[in-house]
Amino acid sequence: MDQIQHKFIDVGGLKLHAADAGSGPNVVLFLHGFPEIWYTWRYQMIALANAGFRAIAPDYRGYGLSDVPPEPEKASYADLITDLLGILDALGLTKVFLIAKDFGARPAYLFAIFHPERVLGVITMGVPHIPPGGGAFHKYLPEGFYISRWQEPGRAEADFGRFDAKTVVKKVYILFSRSEIPIAEENQEVMDMVDPSTPLPPWFTEEDLAEYGALYEKSGFQTALQVPYRSFNEDLNIADPKVKVPALLIMGGKDYLLKFPGIEDYIKSGRVKEFVPDLEITFLHEGTHFVHEQLPDEVNQLILSFLRIHV
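Residue numbers (UniProt numbering): 1 to 311.
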């Protein structure tokens, strides 16, 4: 971890935190999901730096060490796209690879759609490119579906607020590392789906949890609930949802997202390639939603193979 340096980048009046490792002209920008933060990419950043790449992992606005925007309840995916462009411009980066996990796939693909001249390729884990209007899963799942619950103003705040930040992260990590979609009973809160005695996944240490807990203790969860969960229906005026840069999708075979209505067929049938024509898809059989932390060696090899082809 000593290889990773930390800096703050002024973008639109906000100081955005970014971890930075390695050097050289070939740059990879990492985009985290939830309940993740820059730290989720620790294994990938070091592996890429050792292989001659520069690896940069920012915290989104309102996450971790980055400033909380003045009105976090109005944060949007459009803001994330603007922030990404601002980071590239501030660091003098002409073109980069984007590597994203979970909901980070959306800003990664959107950035590639709006600014293809700045993107060499996109790698996502856990989430494929889903075009606008294709993610209304709550219509087909019970009321206790975690996304539906977290979209309801005030409910997640009250649920999370009963615990410290580290406990919230622990519970979400446990829920999201299972192979079933987190769906609470009618009179049960999402946080109560995890028994306090449940151990962490074996690949996620108490030291890792402490890092996450400290970062979310600083930022809180207000912006994290707004983006992604309360911003899915944002209209970004996309004329053509097709991604025209090379892409790689890495999916864990035990990722709960594959249980979302229609998602597994969308990926395995190849329909996803209608929107990402130059897409390679790889499944890691034992992988969960956190495949990059669970199986870092395998994921790092897949990443490096893709980068070396398209650099």
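We put the beta carbon where it would ideally sit given N, CA and C, even for glycine.
Legend entry - Among S177, I183 and Y212, the one whose alpha carbon lies nearest that of P199: Translated into the one-based positions of the sequence shown, residue 199 becomes position 199. Of S177, I183 and Y212, the residue nearest in Cα terms is S177.
Inset, instruction - Give the C-beta separation of A19 and A57 to the nearest angstrom, bearing in mind that I take them to be a contact with Cβ-Cβ under 8 Å. - result: Counting from one through the sequence shown, the residue named residue 19 turns up at place 19. Counting from one through the sequence shown, the residue named residue 57 turns up at place 57. With a Cβ gap of about 5 Å, A19 and A57 count as contacting.
Legend entry - Cβ-Cβ distance between V169 and G220 below 8 Å: Taking the sequence shown and counting its residues from 1, the one referred to as residue 169 is at position 169. Taking the sequence shown and counting its residues from 1, the one referred to as residue 220 is at position 220. Contact: no.
Inset, instruction - List the endpoints of the continuous alpha helix (DSSP H) containing E206. - result: The count along the sequence shown starts at 1 and reaches residue 206 at position 206. E206 -> alpha helix (DSSP H) spans E206 to S219.
Inset, instruction - Return the first residue and the last residue of the beta strand (DSSP E) that A21 is part of. - result: In the sequence shown, the residue the question calls residue 21 occupies position 21. Per DSSP, A21 is one residue of the beta strand (DSSP E) stretching across L14 to A21.
Inset, instruction - Give the straight-line distance between the Cα atoms of K166 and R155, rounded to the nearest whole angstrom. - result: Within the sequence shown, residue 166 is the residue found at index 166, counting from 1. Within the sequence shown, residue 155 is the residue found at index 155, counting from 1. Cα-Cα distance, rounded: 19 Å.
Inset, instruction - Starting from A47, follow the alpha helix (DSSP H) in both directions and report where the run begins and ends. - result: Position 47 of the sequence shown holds residue 47. Residue range R42 to N50 is occupied by the alpha helix (DSSP H) that includes A47.
Legend entry - Cβ-based neighbour list, V119, same chain, cut-off 8 Å, excluding 5 preceding and 5 following: Locating residue 119 in the sequence shown gives position 119, counting from the first residue. For V119, where only same-chain residues beyond five positions count, the Cβ hits under 8 Å are K95, V96, F97, L98, F111, A112 and V245.
Legend entry - Classification of D159 by the beta-carbon crowding that lies within 10 angstroms, buried from 16 upward: Within the sequence shown, residue 159 is the residue found at index 159, counting from 1. D159 is buried by the Cβ-count criterion.
Inset, instruction - Determine the contact status of I87 and V11, defining contact as a CB-CB distance below 8 Å. - result: Indexing the sequence shown from 1 puts residue 87 at position 87. Indexing the sequence shown from 1 puts residue 11 at position 11. A contact, by the Cβ cut-off of 8 Å.
Inset, instruction - With a 10 Å radius around its C-beta and 16 neighbouring C-beta atoms as the bar for buried, classify P277 as buried or exposed. - result: In the sequence shown, the residue the question calls residue 277 occupies position 277. With fewer than 16 other Cβ atoms from the protein chains shown falling within 10 Å of its own Cβ, P277 counts as exposed.
Inset, instruction - With a cut-off of 8 Å on the beta carbons, I'd call D102 and G64 a contact; round off their distance for me. - result: For the purposes of this step, residue 102 is identified with residue 102 of the sequence shown, where counting begins at 1. For the purposes of this step, residue 64 is identified with residue 64 of the sequence shown, where counting begins at 1. Actually they do not touch by this definition, with Cβ atoms about 15 Å apart.
Legend entry - Rounded C-alpha distance that separates S269 from H32: Residue 269 sits at position 269 when you count from the first residue of the sequence shown. Residue 32 sits at position 32 when you count from the first residue of the sequence shown. If you take the alpha carbons of S269 and H32, they lie about 27 Å apart.
Legend entry - Option in L93, G24, R42 and G13 with minimal Cα separation from S66: Here residue 66 refers to the residue found at position 66 of the sequence shown. If we check each option's Cα against that of S66, G13 comes out closest.
Legend entry - Whole-angstrom distance between D195 and R162, CA atom to CA atom: Stepping through the sequence shown from its first residue, residue 162 is reached at position 162. Stepping through the sequence shown from its first residue, residue 195 is reached at position 195. Those two C-alpha atoms are separated by around 14 Å.
Inset, instruction - Measure the Cβ-Cβ separation of I183 and P142 and say whether it is below 8 Å. - result: Along the sequence shown, one-based indexing puts residue 183 at 183. Along the sequence shown, one-based indexing puts residue 142 at 142. Contact: yes.
Legend entry - Short Cβ contact (8 Å threshold) for I9 with A75: Position 9 of the sequence shown, counted from the start, is the residue given in the question as residue 9. Position 75 of the sequence shown, counted from the start, is the residue given in the question as residue 75. I9 is not a Cβ neighbour of A75, given a cutoff of 8 Å.
Legend entry - Among T40, I46 and F34, nearest to Q3 - alpha-carbon criterion: Here the question's residue 3 lines up with position 3 in the sequence shown. The option with the nearest alpha carbon to Q3 is I46.
Inset, instruction - State the Cα-Cα distance for the pair V28 and Y43, rounded to the nearest angstrom. - result: Locating residue 28 in the sequence shown gives position 28, counting from the first residue. Locating residue 43 in the sequence shown gives position 43, counting from the first residue. A direct Cα-to-Cα measurement between V28 and Y43 gives close to 14 Å.
Legend entry - Cut-off 7 Å between Cβ atoms - residues of its own chain near P131, not counting five sequence neighbours on either side: The sequence position of residue 131 within the sequence shown is 131, counting from 1. Excluding residues within five positions, the ones whose Cβ falls inside 7 Å are P241 and F275.
Legend entry - Among R230, L257 and A55, nearest to A21 - alpha-carbon criterion: Your numbering for residue 21 matches position 21 in the sequence shown. Here the closest residue by C-alpha is A55.
Legend entry - Bounding residues of the alpha helix (DSSP H) (the contiguous stretch that carries L307): Within the sequence shown, numbered from 1, the residue matching residue 307 stands at position 307. Going by DSSP, L307 is part of the alpha helix (DSSP H) stretching over P296 to H310.
Legend entry - Beta-bridge pairing of F97 - partner residues as DSSP gives them: One-based indexing of the sequence shown puts residue 97 at position 97. In the DSSP output, where bridge partners are listed per residue, F97 has V28 and G121.
Inset, instruction - Over the uninterrupted alpha helix (DSSP H) stretch that includes R155, give me the two end residues. - result: What you label residue 155 is simply residue 155 of the sequence shown in a count that begins at 1. R155: member of the alpha helix (DSSP H) spanning R155 to F160, first to last residue.
Inset, instruction - Give me whichever residues DSSP pairs with Q5 in a beta bridge. - result: Residue 5 sits at position 5 when you count from the first residue of the sequence shown. Answer is D20, bridged to Q5.
Inset, instruction - Could you please give me the residues that DSSP links to I263 through a beta bridge? - result: For the purposes of this step, residue 263 is taken as the residue at position 263 of the sequence shown. According to DSSP, I263 bridges with nothing at all.
Inset, instruction - In the DSSP assignment, find the beta strand (DSSP E) that holds I56 and state where it starts and stops. - result: For this step, residue 56 is matched to residue 56 along the sequence shown. I56 -> beta strand (DSSP E) spans R54 to P58.
Inset, instruction - Output the distance between the C-alpha atoms of R139 and V190, rounded to the nearest integer angstrom. - result: Stepping through the sequence shown from its first residue, residue 139 is reached at position 139. Stepping through the sequence shown from its first residue, residue 190 is reached at position 190. The residue you asked about is not Arg; residue 139 is Lys in the sequence shown. So the two alpha carbons sit approximately 18 Å from each other.
Inset, instruction - Hey, could you find the ends of the beta strand (DSSP E) T282 is sitting in? - result: Position 282 of the sequence shown holds residue 282. For T282, the uninterrupted beta strand (DSSP E) segment begins and ends at L279 to L284.
Inset, instruction - Buried or exposed for E293, please, with buried defined as at least 16 other CB atoms from any protein chain shown within 10 angstroms of its CB. - result: Taking the first residue of the sequence shown as position 1, residue 293 is located at position 293. Result: buried.
Inset, instruction - Please name the residue in A51, V291 and K7 whose C-alpha comes closest to that of S23. - result: Numbered from 1 along the sequence shown, position 23 holds the residue referred to as residue 23. Looking at the Cα atoms, A51 is the closest of the given residues.
Legend entry - Counterpart residues of F145 in DSSP-defined beta bridges: Working through the sequence shown from its first residue, we reach residue 145 at position 145. Bridge partners of F145: I183.
Inset, instruction - For residue 376, count neighbouring Cβ atoms within 10 angstroms of its own Cβ and tell me buried if that reaches 16, exposed if not. - result: No answer is possible for residue 376: the residues shown for the chain start at 1 and end at 311.
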